[in-house]
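K.L.:
After the structure tokens below, expect a handful of questions from me.
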Amino acid sequence: LNGAKVIMRWTGTSQRTAKNWLSGSHAPSGLNLVLLARESNAVLKAILLVADRREVSLGPNLISLRRLLADTIATLDQIM
């Protein structure tokens with residue numbers, strides 16, 4: 016899937032709107048920004064960094080790391 020299609024799926028917006036956001040010619044509304052942040056750790060981290068909340072921005076990375084570790088442990092359990 017291309018970026019516009021993913022954004023459309025996450026937010027329910029049109030292809031034109033998604034492409035405008037990706038090109039930087041328009042920005043998402045507050046609600047759509049929240050919908051994007053809910054789905055994308057990169058968006059959430061960018062919002063937190065712009066808000067100068069670097070200490071909070073570690074959360075999404077830790078969640079991703081926890082999932083990766085859990086998947087790795089499950090894989091190891093299957094092969095042992």
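To convert, note that position 39 of the sequence shown is 54 in the working numbering; the numbers rise steadily by one, no gaps.
We put the CB at the ideal spot given by N, CA and C, even for glycine.
This one's a predicted model, so the numbers in the text were calculated from it and none came from an experiment.
#1: My parser needs the alpha helix (DSSP H) runs of 4 or more residues fully inside the region 16 to 75; what are they?
#2: For Trp36 and Pro43, I'd like the C-alpha separation in whole angstroms.
#3: Give me the Cα-Cα distance between Leu50 and Gly27, rounded to the nearest whole angstrom.
#4: Would you grab the beta carbon distance between Val71 and Leu80 for me? Rounded to a whole angstrom, and I think it's under 8 Å.
#5: Around the Cβ of Ala33, are there at least 16 other Cβ atoms within 10 angstroms (buried) or fewer (exposed)?
#6: Quick check on Leu59: buried or exposed, where buried means 16 or more other Cβ atoms within 10 Å of its Cβ?
#7: Going by the beta-carbon positions, is the gap between Ile88 and Asn56 smaller than 9 Å?
P.N.:
Answer, in terms of the structure:
#1: Whole alpha helix (DSSP H) segments, 4+ residues: 18 to 26, 30 to 38, 45 to 54 and 56 to 65.
#2: Residue numbering aside, residue 36 sits at position 21 when the sequence shown is read from its first letter. Residue numbering aside, residue 43 sits at position 28 when the sequence shown is read from its first letter. Their Cα atoms are separated by approximately 7 Å.
#3: Locating residue 50 in the sequence shown gives position 35, where the first residue counts as 1. Locating residue 27 in the sequence shown gives position 12, where the first residue counts as 1. Whole-angstrom Cα-Cα distance: 10 Å.
#4: As a position in the sequence shown, residue 71 is number 56, starting the count at 1. As a position in the sequence shown, residue 80 is number 65, starting the count at 1. In this structure, Val71 and Leu80 do not form a Cβ contact; the two beta carbons are roughly 16 Å apart against a cut-off of 8 Å.
#5: Taking the first residue of the sequence shown as 1, we reach residue 33 at position 18. So Ala33 ends up on the buried side.
#6: One-based indexing of the sequence shown puts residue 59 at position 44. When all chains shown are included, Leu59 counts as buried.
#7: Position 73 of the sequence shown, counted from the first residue, corresponds to residue 88. Position 41 of the sequence shown, counted from the first residue, corresponds to residue 56. Not in contact: Ile88 and Asn56 (Cβ atoms no closer than 9 Å).
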